[in-house]
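Below: the structure, in structure tokens.
Number of protein chains: 2
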Amino acid sequence: MPQGQVASVPTDGLTTRQRRNRPLLVVHTGAMKGKSTAAFGTALRGWNQGWSIAVFQFVKSAKWKVGEEEAFRALGTVHEQTGQGGPVEWHKMGSGWSWSRRSGTEADHAADAAEGWAEIRRRISAGAHDLYVLDEFTYPLKWGWIDVDEVVATLADRPGHQHVIVTGRDAPPALVEAADLVMETTKIKHPMDAGQKGQRGIEW
Amino acid sequence: MPQGQVASVPTDGLTTRQRRNRPLLVVHTGAMKGKSTAAFGTALRGWNQGWSIAVFQFVKSAKWKVGEEEAFRALGTVHEQTGQGGPVEWHKMGSGWSWSRRSGTEADHAADAAEGWAEIRRRISAGAHDLYVLDEFTYPLKWGWIDVDEVVATLADRPGHQHVIVTGRDAPPALVEAADLVMETTKIKHPMDAGQKGQRGIEW
Chain E
0 MPQGQVASVP TDGLTTRQRR NRPLLVVHTG AMKGKSTAAF GTALRGWNQG
50 WSIAVFQFVK SAKWKVGEEE AFRALGTVHE QTGQGGPVEW HKMGSGWSWS
100 RRSGTEADHA ADAAEGWAEI RRRISAGAHD LYVLDEFTYP LKWGWIDVDE
150 VVATLADRPG HQHVIVTGRD APPALVEAAD LVMETTKIKH PMDAGQKGQR
200 GIEW
Chain Y
0 MPQGQVASVP TDGLTTRQRR NRPLLVVHTG AMKGKSTAAF GTALRGWNQG
50 WSIAVFQFVK SAKWKVGEEE AFRALGTVHE QTGQGGPVEW HKMGSGWSWS
100 RRSGTEADHA ADAAEGWAEI RRRISAGAHD LYVLDEFTYP LKWGWIDVDE
150 VVATLADRPG HQHVIVTGRD APPALVEAAD LVMETTKIKH PMDAGQKGQR
200 GIEW
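These protein sequence lines are chains E and Y, in that order.
For the first sequence, numbering that gives the first Met the number 0 gives the first residue as 0, with consecutive numbering after it.
For the second sequence, numbering that gives the first Met the number 0 gives the first residue as 0, with consecutive numbering after it.
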């Protein structure tokens, strides 16, 4: 990949060093798979920098994306045991977050999602982590379970130097507007078009 | 992410199980970053399945993408020490592959690239690994250092159940044609457009 080239020099009064260290809000959206995958790939680099990584997955099933989860949990253990890389936390909505005291057997994904965001907001305000991966977070925004404007305001005001990556289809315009970097994945060709089923190690 | 839906049922006479286990040739191309990152994210899932992972990076500098390399080397060590996940090999062209006996101080990237492909071809013929990431491999193809038709023929004839992911801009049409899955990354917005420099942990 060629080195990044700067198209214009901004007039924001920041030094190159200050700009280099600006925390980023990144959105991975689009119709194709690869959004979450690319976010976790980015998190590998953060881990290697010694960053505190926190993943929050807004997924309905605890069985999704277990491959990445297991790999990152292993990297978190490497950090604990050898000091290499950074610490890793991995939280999954599934049928309720692990920290949640909300009981009852009836699934309430809207309440779960709101509770997840409340926890993330607390951590962001406290400057708890260096990189947040909010995986599939566009869906509760799209469905109105979490207020987009409140999310954008919270992210805009986040203290310190915290990077945030949001993944999911149909990212709301206000989130895209607020983002520093937006990547869209486009499907050119996919084996499911030819009737192939998803497979272990590739899809999960 | 919604469950994958099959658009049509193929008439290839294979059972669902056979189709599910078909080895894939995947191409990540397009103008935006995220191609390699998504490939390494996919490799995390393969690692968790216990696959033998081999990465070959066709990059000119040994300093590129060191974050992912360190993380995967750590996962390889986890496998060696605990048996979790799969083994990992990571090879980088840089100023010559580690196994190369070619000497001399003059850089010859074309010869290095051809040598890298020769080694990959030997391994594929031997069924050495479960997942190959051929990172930035489109460039030596584009520049004519490696013959595209020979690559496509080798990949088409590969024995056993070996997955291959190729990344890089401007994937040659013959490679795209041969691929089972092609993902293109598109830039919507990038901080370098606003004059921001790349930064540690995000870009490398």
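We treat Cβ as the ideally placed atom computed from N, Cα and C, and that holds for glycine.
None of these values were measured; they are calculated from a predicted model.
Distance CB(V25(E))-CB(D179(E)) smaller than 8 Å: As a working note, residue 25(E) is residue 26 in the first sequence. As a working note, residue 179(E) is residue 180 in the first sequence. The answer is yes: Cβ separation under 8 Å.
Opposing strand residues paired with W46(Y) [DSSP bridges]: Within the second sequence, numbered from 1, the residue matching residue 46(Y) stands at position 47. Partner(s): none; W46(Y) has no beta bridge.
Under 9 Å by beta carbon: chain E residues contacting E67(Y): On the second sequence, residue 67(Y) is found 68 positions in, with the first residue counted as 1. Result: G40, L43, R44 and N47.
Beta-carbon spacing of I119(E), R157(E) below 8 Å: Within the first sequence, numbered from 1, the residue matching residue 119(E) stands at position 120. Within the first sequence, numbered from 1, the residue matching residue 157(E) stands at position 158. Not a contact, by the Cβ cut-off of 8 Å.
Element boundaries [beta strand (DSSP E), containing V163(Y)]: Counted from its first residue, the second sequence places residue 163(Y) at position 164. H162 to T166 is the extent of the beta strand (DSSP E) around V163(Y).
Within-8 Å CB hit, Q56(E) to chain Y: Along the first sequence, read from residue 1 onward, the residue named residue 56(E) stands at position 57. Output row for Q56(E): interface = no.
Unbroken stretches of the alpha helix (DSSP H), 4 residues or longer, contained in the segment 67-117 of chain E: none
Minimum C-alpha distance to A152(Y) - residue among A173(Y), D169(Y) and G49(Y): Here residue 152(Y) refers to the residue found at position 153 when the second sequence is read from its first residue. Ranking the options by Cα distance to A152(Y), first place goes to A173(Y).
Status (buried if at least 16 other CB within 10 Å, exposed otherwise) for G205(Y): Only positions 0 to 203 of chain Y appear in this structure, which leaves residue 205(Y) out of reach.
CA nearest to the CA of G125(Y), picked from S99(Y), L140(Y), K62(Y) and Q161(Y): Residue mapping note: residue 125(Y) aligns to position 126 of the second sequence, counting from 1. This sequence places Ala at residue 125(Y); Gly is not what is there. The shortest Cα separation from A125(Y) among S99(Y), L140(Y), K62(Y) and Q161(Y) belongs to Q161(Y).
Three-state class that DSSP yields for L130(Y) in the structure shown: Residue mapping note: residue 130(Y) aligns to position 131 of the second sequence, counting from 1. Strand.
Per-residue DSSP class, three states only, for F55(Y): In the second sequence, counting from the first residue as 1, residue 55(Y) sits at position 56. F55(Y) falls in the strand class under three-state DSSP.
Neighbour flag for V151(E) against chain B, beta carbons, 8 Å: No chain B appears in this structure, whose protein chains are E and Y.
Contacting positions in the segment 67-88 of chain E - beta carbon closer than 7 Å to chain Y: E67, E69, A70, A73, L74, V77, Q83 and G84
Minimum Cβ-Cβ distance from M182(E) to chain Y less than 8 Å: What you label residue 182(E) is simply residue 183 of the first sequence in a count that begins at 1. Yes, because at least one Cβ of chain Y sits closer than 8 Å to the Cβ of M182(E).
Three-state class that DSSP yields for G29(Y) in the structure shown: As a first step, residue 29(Y) must be located in the second sequence, where it is residue number 30. G29(Y): strand per DSSP, three-state reduction.
Given 8 Å, three or more beta-carbon pairs between the segment 38-58 of chain E and the segment 48-56 of chain Y: no
Anticipated Cβ contact below 8 Å, W46(E) with G85(E), distance rounded: Position 47 of the first sequence, counted from the start, is the residue given in the question as residue 46(E). Position 86 of the first sequence, counted from the start, is the residue given in the question as residue 85(E). Yes, they are in contact, since the Cβ atoms of W46(E) and G85(E) sit about 5 Å apart, within 8 Å.
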